[in-house]
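In this note's numbering, each residue's number is its place in the sequence shown (first place is 1) plus 47. C-beta: ideal position from N, C-alpha, C; glycine also. As the structure is a prediction and not an experimental result, all values here were calculated from the model. Structure first, then comments.
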Amino acid sequence: MHKTNSLCVISEKQRNIQTFSYMFAVAALFALVTLHVLLGLNCVFRILNYIFLNRNRVQLFAFWLFLLMISVFLVLTRTKSAVKVNTVTRKSFHLLASLVFMSGIIYDVYLTSLAAGIGFGLLILVEALRKLNITPISEALQSAFDVYSDEKDIGSFAMTPIYLYVGLACPLILVPSYEGTTLELLSGVLATGVGDTAASWFGSKYGTKKWTNSEKTVEGTIANVLSQVATVYVLHLFGLLRNNTVLIRTMLAASISSVVEAKTDQVDNLILPLVTLLVFQINWMFG
């Protein structure tokens, strides 16, 4: 935060990669000192040990890095062509982001919680860099934004990716306990990454019957529900979700969230995970 605020007050002439590098180094040093105070002098060593001295965490981290490389490749390829992407293409990033959170929540939710906080900070930093006219970083980020933005990104900041990230990560904050709550933690993944993506793709390709006062289709809504249930069924089949009621709970939550998705035009990336999580919590209490 201090770094982006400082960038806002420096002159246009000073907004270059060299100045940013200096400020980034100062911010990193400040963060390191803070970690030393809070966690002890060996904090960096402890964090590295936590991540890289565990085989499962290394494999998970490598999988995330692979997905990140795919995302960067897709962005660079599309940006180079300078062709505006459609909604279905944008939804492919929902799937990639969902794979990150799904794999993390299932195999190491605590590492995922740590990574989610760091990732959110980096996301805000990237968006700040896009707006602060730092040569040549801002131009490259703006070119990618021009290709991937939609009609909802009309304000000062690109809120769509931020809403998507928060929607996927918010169950990690809102669910009080990680033990036995895997389905609740997957609320964002199911509602936004799986259901909303399936609704968009299937509805745009095969949808014919539209909901009243909406551009969304009934076929897309059905695909929304079925895709979420199918995902949970596969996870349950492989023993990754062990509760025998997960299919019934998912059917109920998916039915409600899909109707909300069909009637929502704004910030659905944020609303749908919250609706799904709420339904999961309610039917767990009464189940």
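- Secondary structure at residue 63: strand, using DSSP grouped into helix, strand and coil.
- Here residue 138 carries a helix assignment [DSSP, helix/strand/coil].
- Beta-carbon to beta-carbon, residue 114 and residue 143 are separated by about 5 Å, close enough to satisfy the 8 Å threshold.
- Counted as a single uninterrupted DSSP element, the stretch harbouring residue 87 is not any alpha helix (DSSP H), since DSSP gives it neither H nor E.
- Contact check for residue 323 against residue 295 fails: the beta carbons are separated by 9 Å or more.
- Under the criterion of beta carbons closer than 8 Å, residue 321 and residue 210 do not qualify as touching, at roughly 11 Å.
- Between residue 108 and residue 99, the C-beta gap is smaller than 9 Å, which places the two residues in contact.
- Between residue 246 and residue 305 a beta carbon distance of about 7 Å is seen, short of the 8 Å cut, so the two are scored as contacting.
- The three-state secondary structure of residue 264, taken from DSSP, is strand.
- Distances from the CA of residue 243 to each of 69, 255, 275 and 229 were compared; the closest alpha carbon is that of 275.
- Distance from the CA of residue 97 to the CA of residue 159, rounded to the nearest whole angstrom, comes to 12 Å.
- As the crow flies, the alpha-carbon of residue 77 is around 19 Å from that of residue 173.
- Three or more pairs of CB atoms, one per stretch, sit closer than 8 Å, so the stretch 130 to 144 contacts the stretch 182 to 200.
- Its chain contains 266, 267 and 270 as the residues whose beta carbon lies nearer than 7 Å to that of residue 249, once the 5 sequence neighbours on both sides are disregarded; these appear in chain order.
- Setting aside the 5 residues that flank it on each side, residue 241 is surrounded in the same chain by 274, 275 and 278, each with a C-beta closer than 6 Å to its C-beta; the list follows chain order.
- The beta carbon of residue 231 lies closer than 7 Å to those of 218, 222, 324, 327 and 328 in the same chain, with the five residues before and after it left out.
- Taking C-beta separations shorter than 7 Å and ignoring five residues to either side along the sequence, the partners of residue 129 in its chain run 194, following chain order.
- In this structure, residue 225 sits near residue 156, with a CB-CB distance shorter than 9 Å.
- In this structure, residue 62 sits near residue 181, with a CB-CB distance shorter than 9 Å.
- Within the same chain, and ignoring the five residues on either side of residue 65 in sequence, no residue has its Cβ closer than 6 Å to its Cβ.
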